[in-house]
Amino acid sequence: MTITTQAKYALEEILKEYGKEGIRLSITNGDGDPEIALSLDEPQPTDRIETINGIQVAMDEQAMAILENIMLDVEETEEGLQLILVGL
1 MTITTQAKYA
11 LEEILKEYGK
21 EGIRLSITNG
31 DGDPEIALSL
41 DEPQPTDRIE
51 TINGIQVAMD
61 EQAMAILENI
71 MLDVEETEEG
81 LQLILVGL
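In this text, residue positions in the sequence shown follow the UniProt record's numbering: the first is 1, and each later residue adds one.
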């Protein structure tokens, strides 16, 4: 997984605002289809924690396999900047 510079700056602002040290990516099963969840939750004991472009990222085992070649970026929307996953 990679994090673009724009996404890094956006995440730094979010983490500072909420007093968090990093993000957590996990796989949830919504309506039977797997969904990727990005949260400010604390890492779980089985998570792998990496620092990617200066951002602490905790990932569960399923997320690691799916997100290996994915890029976290930002996109400009009418509501402002939105984090997006590119390459899914």
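For glycine and all other residues, C-beta sits at the position ideal for the given N, C-alpha and C. In this text, all values refer to a predicted model and were calculated from it rather than measured experimentally.
Contact between Ala7 and Leu72 holds, with the beta-carbon distance rounding to 5 Å and staying under 8 Å. The alpha-carbon of Asp31 is positioned some 14 Å away from that of Ala37. Shown here for Thr46: not one same chain residue has a beta carbon closer than 6 Å to its own, the five before and five after excluded. Counted as a single uninterrupted DSSP element, the stretch harbouring Gln44 is not any alpha helix (DSSP H), since DSSP gives it neither H nor E. Going by beta carbons, Glu68 and Met1 fall inside the 8 Å limit. For Ile14, the secondary structure class from DSSP, reduced to helix, strand or coil, is helix.
Annotation for Leu83: Ala7, Ala10, Leu38, Leu72 and Val74 place their beta carbon closer than 7 Å to its own, counting only its chain and skipping 5 residues before and after.
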